[in-house]
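Taking it in order: structure first as structure tokens, then the write-up.
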Amino acid sequence: MLNRRMIFIYVLMPILLFLVFFFSLTYGLSGISLIDALSALFNVGDENIITIIRSIRLKRIIMVCVTGAVLGGSGCVFQAILKNPLADPFTLGISGGAALGASIAFISGFASVASFFTPLFAFFGAALSVFTVYIFGFKGKFDSNIMILSGVIVSYTFSSVVMLMFALSQSTGVQQSFMWLTGNFSTFDERLMPFVVTIGVVGLVILSLSGNIIDVISLGREKSEALGNNIEKNIKIIFLITSLLIASVVSVCGIIGFVGLMIPHIMRNFVGTRSMLLIPASVFGGALFLLLCDTLSKIVFAPVVIPSGVITSVLGGVFFVFLLLRAKKSSI
Amino acid sequence: MIQIKNIYAGYFGREVLKNVSFDVKQKDFFGIIGKNGAGKSTLLKIFSNLLKSYKGDVFIDNKNLESFKSKELAKRLSFLPQYSDMSMPFSVFEFVMFARFPYMNMFKFPSKNDFKAVEKAMDFLNITNLSERKITELSGGEKQKVLIAQVLAQETDIIIFDEPTSHLDIGSQNNILKLLSDLNEKHNKTIVLTLHDLNAAGEFCNKLLLLEDGFVCRCGTPEEVLNYKDIERVYNTTVIVKTNPISNRPYVIPVSKIN
Numbered sequence: 001m002l003n004r005r006m007i008f009i010y011v012l013m014p015i016l017l018f019l020v021f022f023f024s025l026t027y028g029l030s031g032i033s034l035i036d037a038l039s040a041l042f043n044v045g046d047e048n049i050i051t052i053i054r055s056i057r058l059k060r061i062i063m064v065c066v067t068g069a070v071l072g073g074s075g076c077v078f079q080a081i082l083k084n085p086l087a088d089p090f091t092l093g094i095s096g097g098a099a100l101g102a103s104i105a106f107i108s109g110f111a112s113v114a115s116f117f118t119p120l121f122a123f124f125g126a127a128l129s130v131f132t133v134y135i136f137g138f139k140g141k142f143d144s145n146i147m148i149l150s151g152v153i154v155s156y157t158f159s160s161v162v163m164l165m166f167a168l169s170q171s172t173g174v175q176q177s178f179m180w181l182t183g184n185f186s187t188f189d190e191r192l193m194p195f196v197v198t199i200g201v202v203g204l205v206i207l208s209l210s211g212n213i214i215d216v217i218s219l220g221r222e223k224s225e226a227l228g229n230n231i232e233k234n235i236k237i238i239f240l241i242t243s244l245l246i247a248s249v250v251s252v253c254g255i256i257g258f259v260g261l262m263i264p265h266i267m268r269n270f271v272g273t274r275s276m277l278l279i280p281a282s283v284f285g286g287a288l289f290l291l292l293c294d295t296l297s298k299i300v301f302a303p304v305v306i307p308s309g310v311i312t313s314v315l316g317g318v319f320f321v322f323l324l325l326r327a328k329k330s331s332i
Numbered sequence: 333m334i335q336i337k338n339i340y341a342g343y344f345g346r347e348v349l350k351n352v353s354f355d356v357k358q359k360d361f362f363g364i365i366g367k368n369g370a371g372k373s374t375l376l377k378i379f380s381n382l383l384k385s386y387k388g389d390v391f392i393d394n395k396n397l398e399s400f401k402s403k404e405l406a407k408r409l410s411f412l413p414q415y416s417d418m419s420m421p422f423s424v425f426e427f428v429m430f431a432r433f434p435y436m437n438m439f440k441f442p443s444k445n446d447f448k449a450v451e452k453a454m455d456f457l458n459i460t461n462l463s464e465r466k467i468t469e470l471s472g473g474e475k476q477k478v479l480i481a482q483v484l485a486q487e488t489d490i491i492i493f494d495e496p497t498s499h500l501d502i503g504s505q506n507n508i509l510k511l512l513s514d515l516n517e518k519h520n521k522t523i524v525l526t527l528h529d530l531n532a533a534g535e536f537c538n539k540l541l542l543l544e545d546g547f548v549c550r551c552g553t554p555e556e557v558l559n560y561k562d563i564e565r566v567y568n569t570t571v572i573v574k575t576n577p578i579s580n581r582p583y584v585i586p587v588s589k590i591n
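If you're matching them up, the sequences are chains A and B in order.
First residue of the first sequence? That's 1 in my numbering, and the numbers climb one at a time after it.
First residue of the second sequence? That's 333 in my numbering, and the numbers climb one at a time after it.
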């Protein structure tokens, strides 16, 4: 039984991912056939096509995959640790901090100075909110409710500061901030890609291997300590690694909602609740889902590319309706 | 096996245990009884190393509790708390497998030994047929069996239970206690548990500890501990103690009216 699920996660999902990967390569503002796209990957063929494929699309697709993987995986981790099925990567306040950082970059004008200021500021903002939640949440013994509460407070506080800035500011920075906030992959600084991809891959491998520890934490303090587990140390490490992953991805691409919330629920139907299976499943599932959304965002209103965050939000809404209907049916 | 010496413990300035000392010998079926708030749970938490701030010493197999590493202790002693969180939809098999955590390298998958231990534990509890069911869908009695299978799979010599039967009906309670008896007699496990039901305590345990306001009121055989003078004083009520004609163990009868 374990083997069947393992095959699903480590064979079937990557294959699906590759398929969508190549499908996405061929879609964009300019129609390119699959053969041309594939040969462009290997530097063969028309110069222009090679540039489009390698410099633009390939990088975007890789970024989308890494972002989706991080969001799916970290959403799964937070849901397990906070023991809350409504938790997602942004429950613990990172979105507020990142939004604050990015807005400051846009409104102060730094963003126009150099393109890497926005993600830099956003990262610092995210780090600030993580630090704040860390201080509040880990002050005494770890309590998932206190952590969630701290995250909500930090998120709302930072968001209201952002709103204040918007109200007081006259510059075009406000509009730019809004665009950034919805999450999109059209504009991001390529130089940051190696960092994000490396952090993402390493972090996700660590989290995927930590599935057992995460599950034991969710058994409750007494039981997990009785099983020889140092719960305080483990939670801190996992929280920091996960937050780093989310912050690095959000700084570059903005805030993309619902992926971290939905994917663990969907994947749970395929592989069960054990984190050892669910985390890697959510990693692949998140990458696959976000890649599909991103491809859709290029197709649906072509030639206009709508932000991927919009697509995920729409699908998220539909998903919630579906969940509600299913819950109502089972409670009758 | 377990030696408790001069324990003083409490929470936030309130002293709960005062100078508690007693021994639990190997293969004991040791019951701890007393009023609500007498300190029973606190005591269990201390010698399961869940509560670390206390005065006094606890020795497990002549080794001080403080010198144990947590994983090492988890292989000697397992603990079933009074309330367990079973809100995540794991399957029964997955849930019992968590007990093997002290034996597993954190990055490896369960070994053959781990699978065997889980299967043996579930077989002993007769819940092999529940293997793939979600723990969130089980009845109270089934959940209790799953929890006991979980501590069993941990394969320790000493098993500690905090009120394992307080919320069960008399049939389920007897079944569980008989199971624990089997564990004690046939599998040589040392069992320590807290109980509210004095009669169950008298019937199944070979040694009892009666806690009164954090002090040790009496420690010894059920016949010694379940005497009407101590019971009446500790619980502030009227009782008669008789002997069970079949097992020769004492049982405690409440008295509602005195004519």
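Glycine residues also receive a C-beta, built at the ideal position from the N, C-alpha and C atoms.
Original post:
Going along the chain, which unbroken runs of the alpha helix (DSSP H) with 4 or more residues stay wholly within the stretch 214 to 289 of chain A?
Top reply: Fully enclosed alpha helix (DSSP H) runs of 4 or longer: 221 to 226, 231 to 253 and 259 to 271.
Original post:
How about residue 5 of chain A: is its C-beta nearer than 8 Å to some C-beta of chain B?
Top reply: Translated into the one-based positions of the first sequence, residue 5 of chain A becomes position 5. No Cβ of chain B is located within less than 8 Å of the beta carbon of residue 5 of chain A.
Subject >> CA nearest to the CA of residue 10 of chain A, picked from A/205, A/129 and A/185 >> reply: Locating residue 10 of chain A in the first sequence gives position 10, counting from the first residue. Answer by Cα proximity: A/205.
Original post:
When DSSP labels each residue in this structure, what does residue 87 of chain A get in the three-state scheme?
Top reply: In the first sequence, the residue the question calls residue 87 of chain A occupies position 87. In the structure shown, residue 87 of chain A sits in coil (DSSP, three-state: anything other than H, G, I, E or B).
**OP:** Give every residue of the same chain whose Cβ lies closer than 6 Å to the Cβ of residue 106 of chain A, excluding the five residues on either side of it in the sequence, and list them in chain order.
**Re:** Residue numbering aside, residue 106 of chain A sits at position 106 when the first sequence is read from its first letter. These residues qualify, in order along the chain: 173, 176 and 177.
Original post:
Is there at least one Cβ from chain B nearer than 8 Å to residue 272 of chain A's Cβ?
Top reply: Translated into the one-based positions of the first sequence, residue 272 of chain A becomes position 272. Interface residue, yes.
**OP:** Could you run through the stretch 484 to 508 of chain B and flag, in chain order, every residue whose CB is less than 8 Å away from some CB of chain A?
**Re:** Within the stretch 484 to 508 of chain B, the residues whose Cβ lies closer than 8 Å to some Cβ of chain A are 486, listed in chain order.
Original post:
Using a C-beta to C-beta distance shorter than 8 Å, which residues of chain A count as neighbours of residue 405 of chain B?
Top reply: Taking the first residue of the second sequence as 1, we reach residue 405 of chain B at position 73. Those within 8 Å of residue 405 of chain B in chain A are 228.
**OP:** Step through the CB atoms of chain B and report whether any lies within less than 8 Å of the CB of residue 218 of chain A.
**Re:** What you label residue 218 of chain A is simply residue 218 of the first sequence in a count that begins at 1. Yes, residue 218 of chain A lies at the interface with chain B (some Cβ there is under 8 Å from its Cβ).
Original post:
By how many angstroms is the C-alpha of residue 419 of chain B removed from the C-alpha of residue 63 of chain A?
Top reply: On the first sequence, residue 63 of chain A is found 63 positions in, with the first residue counted as 1. On the second sequence, residue 419 of chain B is found 87 positions in, with the first residue counted as 1. If I take the Cα positions, the gap works out to 36 Å.
Subject >> Interface positions of the stretch 417 to 450 of chain B facing chain A (Cβ-Cβ less than 8 Å), listed along the chain >> reply: Along the stretch 417 to 450 of chain B, going in chain order, the ones with a CB nearer than 8 Å to a CB of chain A are 417, 419, 420, 421, 422, 423, 426, 430, 431, 433, 434, 436, 438, 439 and 441.
Original post:
When you compare each of B/354, B/489 and B/458 to residue 477 of chain B by their alpha carbons, which one comes out closest?
Top reply: Within the second sequence, the letter at position 145 stands for residue 477 of chain B. The shortest C-alpha to C-alpha distance from residue 477 of chain B to any of B/354, B/489 and B/458 is the one to B/458.
Original post:
Can you check whether the CB of residue 246 of chain A is closer than 8 Å to the CB of residue 94 of chain A?
Top reply: On the first sequence, position 94 is the one that residue 94 of chain A refers to. On the first sequence, position 246 is the one that residue 246 of chain A refers to. With respect to the 8 Å criterion, residue 94 of chain A and residue 246 of chain A are classified as neighbours on the basis of their beta carbons.
**OP:** Could you work out which residues of chain B lie near residue 232 of chain A, taking near to mean beta carbons separated by less than 7 Å?
**Re:** Translated into the one-based positions of the first sequence, residue 232 of chain A becomes position 232. Residues of chain B passing the Cβ test: none, with the nearest at roughly 12 Å.
**OP:** Examine chain A for any beta-carbon lying closer than 8 Å to the beta-carbon of residue 382 of chain B, and answer yes or no.
**Re:** Counting from 1 along the second sequence, the entry for residue 382 of chain B is found at position 50. Taking Cβ atoms only, chain A reaches closer than 8 Å to residue 382 of chain B, which makes this a yes.
Subject >> 8 Å Cβ cutoff met for residue 500 of chain B and residue 472 of chain B >> reply: As a first step, residue 500 of chain B must be located in the second sequence, where it is residue number 168. As a first step, residue 472 of chain B must be located in the second sequence, where it is residue number 140. In this structure, residue 472 of chain B lies closer than 8 Å to residue 500 of chain B by Cβ.
**OP:** Mind checking who residue 355 of chain B pairs with in its DSSP beta bridge?
**Re:** Locating residue 355 of chain B in the second sequence gives position 23, where the first residue counts as 1. Answer is B/335.
**OP:** Can you give me the Cβ contacts of residue 182 of chain A inside the same chain, cut-off strictly under 7 Å, excluding the 5 residues immediately before and after it?
**Re:** Here residue 182 of chain A refers to the residue found at position 182 of the first sequence. Closer than 7 Å at Cβ, skipping near neighbours: 254, 307, 309 and 310.
Original post:
Considering residue 539 of chain B, what are the terminal residues of the beta strand (DSSP E) in which it resides?
Top reply: As a position in the second sequence, residue 539 of chain B is number 207, starting the count at 1. From DSSP, the beta strand (DSSP E) with residue 539 of chain B extends over 539 to 544.
Original post:
Among residues of its own chain, excluding the 5 on either side of residue 123 of chain A, which ones have a beta-carbon nearer than 6 Å to its beta-carbon?
Top reply: Start at 1 with the first residue of the first sequence, and residue 123 of chain A comes out as number 123. Counting only Cβ-Cβ distances below 6 Å, and skipping sequence neighbours, we find 247 and 251.
Subject >> Contact set between the stretch 386 to 413 of chain B and chain A, restricted to residues whose Cβ is under 9 Å from the partner >> reply: Across the stretch 386 to 413 of chain B, CB contacts with chain A closer than 9 Å involve 401, 402, 403, 404, 405, 406, 407, 409, 410, 411, 412 and 413, in sequence order along the chain.
**OP:** Could you check the C-alpha separation between residue 1 of chain A and residue 585 of chain B for me, to the nearest Å?
**Re:** Looking up residue 1 of chain A in the first sequence gives position 1. Looking up residue 585 of chain B in the second sequence gives position 253. The predicted model places residue 1 of chain A with a pLDDT of 47, which falls under 50 and marks its position as unreliable; any figure quoted below should be read in that light. When rounded, the distance between both Cα atoms is 53 Å.
Original post:
Beta-carbon separation of residue 436 of chain B and residue 450 of chain B under 8 Å?
Top reply: Numbered from 1 along the second sequence, position 104 holds the residue referred to as residue 436 of chain B. Numbered from 1 along the second sequence, position 118 holds the residue referred to as residue 450 of chain B. No. Outside cutoff.
**OP:** Please name the residue, chosen from B/366, B/557 and B/422, that lies closest to residue 465 of chain B on a Cα-to-Cα basis.
**Re:** Translated into the one-based positions of the second sequence, residue 465 of chain B becomes position 133. For the residues B/366, B/557 and B/422, the minimum Cα distance to residue 465 of chain B belongs to B/422.
Original post:
Starting from residue 103 of chain A and walking both ways along the beta strand (DSSP E), at which residues does that stretch end?
Top reply: Counted from its first residue, the first sequence places residue 103 of chain A at position 103. Note, residue 103 of chain A: premise wrong, no beta strand (DSSP E); alpha helix (DSSP H) at 94 to 108.
Original post:
So residue 526 of chain B is in the beta strand (DSSP E); what residue range does that whole segment cover?
Top reply: As a working mapping, residue 526 of chain B is identified with position 194 in the second sequence. Looking at the DSSP string, the run of the beta strand (DSSP E) that includes residue 526 of chain B is 522 to 526.
Original post:
Mind pulling the chain B residues with CB within less than 7 Å of residue 215 of chain A?
Top reply: Here the question's residue 215 of chain A lines up with position 215 in the first sequence. For residue 215 of chain A, the chain B residues whose Cβ falls inside 7 Å of its Cβ are 430, in order along the chain.
Original post:
Around the C-beta of residue 569 of chain B, are 16 or more other C-beta atoms found within 10 angstroms, so that it is buried, or is it exposed?
Top reply: Counting from 1 along the second sequence, the entry for residue 569 of chain B is found at position 237. Exposed: under 16 other Cβ atoms inside 10 Å.
**OP:** Indicate whether the contact test is met: 3 or more Cβ pairs, each with one atom in the stretch 508 to 522 of chain B and one in the stretch 554 to 565 of chain B, closer than 8 Å.
**Re:** The answer is no - the stretch 554 to 565 of chain B does not touch the stretch 508 to 522 of chain B, with fewer than three Cβ pairs under 8 Å.
Subject >> C-beta neighbour in chain B for residue 190 of chain A, strict 8 Å >> reply: The sequence position of residue 190 of chain A within the first sequence is 190, counting from 1. Interface flag for residue 190 of chain A against chain B is unset, since no Cβ pair is found closer than 8 Å.
Original post:
What's the gap between the Cα of residue 126 of chain A and the Cα of residue 134 of chain A?
Top reply: For the purposes of this step, residue 126 of chain A is taken as residue 126 along the first sequence, with counting starting at 1. For the purposes of this step, residue 134 of chain A is taken as residue 134 along the first sequence, with counting starting at 1. Between residue 126 of chain A and residue 134 of chain A, the C-alpha separation is close to 12 Å.
Original post:
Could you give the distance in angstroms between the alpha-carbon of residue 574 of chain B and the alpha-carbon of residue 554 of chain B?
Top reply: Along the second sequence, read from residue 1 onward, the residue named residue 574 of chain B stands at position 242. Along the second sequence, read from residue 1 onward, the residue named residue 554 of chain B stands at position 222. Going from the Cα of residue 574 of chain B to the Cα of residue 554 of chain B covers about 12 Å.
Original post:
Which residues of chain B have a Cβ atom closer than 7 Å to the Cβ of residue 223 of chain A, listed in chain order?
Top reply: As a working note, residue 223 of chain A is residue 223 in the first sequence. Within chain B, the residues near residue 223 of chain A are 413 and 416.
Subject >> Reference residue 535 of chain B, options B/441, B/579 and B/377, closest by Cα >> reply: Position 203 of the second sequence holds residue 535 of chain B. For residue 535 of chain B, the closest alpha carbon among the candidates B/441, B/579 and B/377 is that of B/579.
**OP:** Return the CA-CA distance between residue 115 of chain A and residue 109 of chain A, expressed in angstroms with no decimal places.
**Re:** What you label residue 115 of chain A is simply residue 115 of the first sequence in a count that begins at 1. What you label residue 109 of chain A is simply residue 109 of the first sequence in a count that begins at 1. Distance between the alpha carbons of residue 115 of chain A and residue 109 of chain A: 11 Å.
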